[in-house]
Amino acid sequence: MPETLFYRFKEGRIHPVEEGDFLHHGAGICFVSPEFFKAHYKTLGLDEAIINDLNTERSYFRSSLDVYHDSSVGYLNIINVDDLEADMDRVLFIIKKELLCLVSIQDQDGSEAALLASILDQEKNHTSIARVFYRFLERLLKGGNRKLESIEDELLALEDRVVSGQADEEMNKVIYGYRRQLSLIRNYYEQLLDIATELEEDENQLFEDKHESFFRVLSTRAERLITGVRALSESLTQLREMLDAALNYALNNIMKVFTLITAIFLPLTLIVGWYGMNFKHMPELEWKLAYPVLLVVFVLIIAGTIAFFKKKKLM
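What follows is the structure, encoded as structure tokens:
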């Protein structure tokens, strides 16, 4: 995939063109490198403030558009929801009435350039800058429902393990991992929602009125995905509470066993301590049946204590 893409509108159709042709007219759609953009931004009729914005580090998600009198500028921090550990792509976009310029800040695998080329190949006839950018943002939402359904199934499987008594401390790490995933996905979709909402408002009148509906549709889809993420976050909180309750129950059962053992043998300990005080006048110590009688007493005490606990349903 080439590092730069140039397209122009001709007679209602969009066509790939050479760099020189694109720069001569300064209108159309392009995907370029930061170096190319810095060298030619004036030719495209763009303000130097955009170059300053290009040099600003923006790795966070929650950003909105910077609206100028004749252009809108913003960042897209793009993740692959199916592989959240992969490197994040970053694209700076500049929109004017007759120009859509995407600047590749980070796109090591060329996926964003390939995405734009694919969209432009499909949108050859009767398209517009608003529609092309809408399609680009829409494709960034693809796979969201599938990912959320996958996470939901995995959370249900964890819940089944907790209910069936298979809870363990390692599940806390698993839950934390899902919490991090959902936070990342939510921030990503909220970023797209912010951008779509501001494009729909079209403060600087870059789009025709009929094209603003594209971004209204995009906002609705992003909101629906965000609602799904929040629902999963609530389920995750409930799962964490269930896990804590299950682990506490298991710990309480262990403590209960030790308490019962202590309660059963406490009378025996008392008797042993009593005879261990070595009083001089303890005539039963001289009795030849003292040992078997004491053994029977011990057995009766243990049996009686166990019977009492069972009656009280403590065992």
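FYI, in my numbering the residues of the sequence shown are 6 to 320.
Positions of the beta carbon are idealized from the N, C-alpha and C atoms, including for glycine.
The structure displayed is predicted, hence computed values, not measured ones.
Could you tell me which residues DSSP puts in a beta bridge with residue i?
i	result
Pro-21	Tyr-12
Ile-99	Val-78, Cys-106
Asn-57	The partner list for Asn-57 (beta bridge, DSSP) is empty, contrary to what the question assumes.
Asn-130	Arg-18
Give the DSSP-derived three-state secondary structure of residue i in the structure shown.
i	result
Ile-180	helix
Ile-84	coil
Asp-94	strand
Gly-115	coil
Gly-149	helix
Leu-33	First, the amino acid is wrong: residue 33 is Gly here, not Leu. Correct three-state label for Gly-33: strand.
Asp-71	strand
Glu-305	Strictly speaking, residue 305 in this sequence is Leu, with Glu absent from that position. Of the three classes helix, strand and coil, the one that applies to Leu-305 here is helix, per DSSP.
Trp-279	helix
Lys-2	What is shown of the chain runs 6 to 320, which leaves residue 2 out entirely.
Lys-315	helix
Lys-47	coil
Asp-52	coil
Ser-38	coil
Met-287	coil
Leu-142	helix
Leu-300	helix
Leu-28	helix
Leu-294	coil
Leu-271	helix
Leu-89	coil
Anyone know if the C-beta pair for residue i and residue j falls short of 8 Å?
i	j	result
Cys-106	Val-22	no
Ala-135	His-20	no
Glu-117	Asp-88	no
Leu-390	Tyr-183	Nothing can be reported for residue 390, as the shown portion of the chain is limited to 6 through 320.
Ala-172	Ala-251	yes
Val-108	Leu-125	no
Arg-18	Ala-32	no
Val-86	Lys-15	no
Leu-121	Leu-197	no
Ile-100	Phe-42	no
Arg-39	Ile-110	Residue identity differs from the one stated: residue 39 is Pro in this sequence, not Arg. Cβ atoms of Pro-39 and Ile-110: closer than 8 Å.
Thr-48	Leu-28	yes
Leu-244	Leu-160	yes
Glu-205	Arg-221	yes
Ile-180	Leu-248	yes
Ile-55	Tyr-46	yes
Leu-187	Ser-238	yes
> Are the region 133–150 and the region 216–233 touching, with three or more C-beta to C-beta distances below 8 Å?
Replying inline: yes
> Are three or more beta carbon pairs between the region 155–162 and the region 234–252 nearer than 8 Å?
Replying inline: Yes: at least three Cβ pairs fall under 8 Å.
| request: Could you pull out every unbroken beta strand (DSSP E) segment of at least 3 residues lying fully inside the region 159–245, listed in chain order? | output: Restricted to the region 159–245, not a single beta strand (DSSP E) segment is unbroken, complete and at least 3 residues in length.
| query | Per the contact definition of three or more C-beta pairs closer than 8 Å, is the region 77–86 in contact with the region 195–211? | reply | Between the region 195–211 and the region 77–86, the count of Cβ pairs shorter than 8 Å is three or higher; the stretches touch.
Any 3 or more C-beta pairs closer than 8 Å across the region 261–268 and the region 294–305
no
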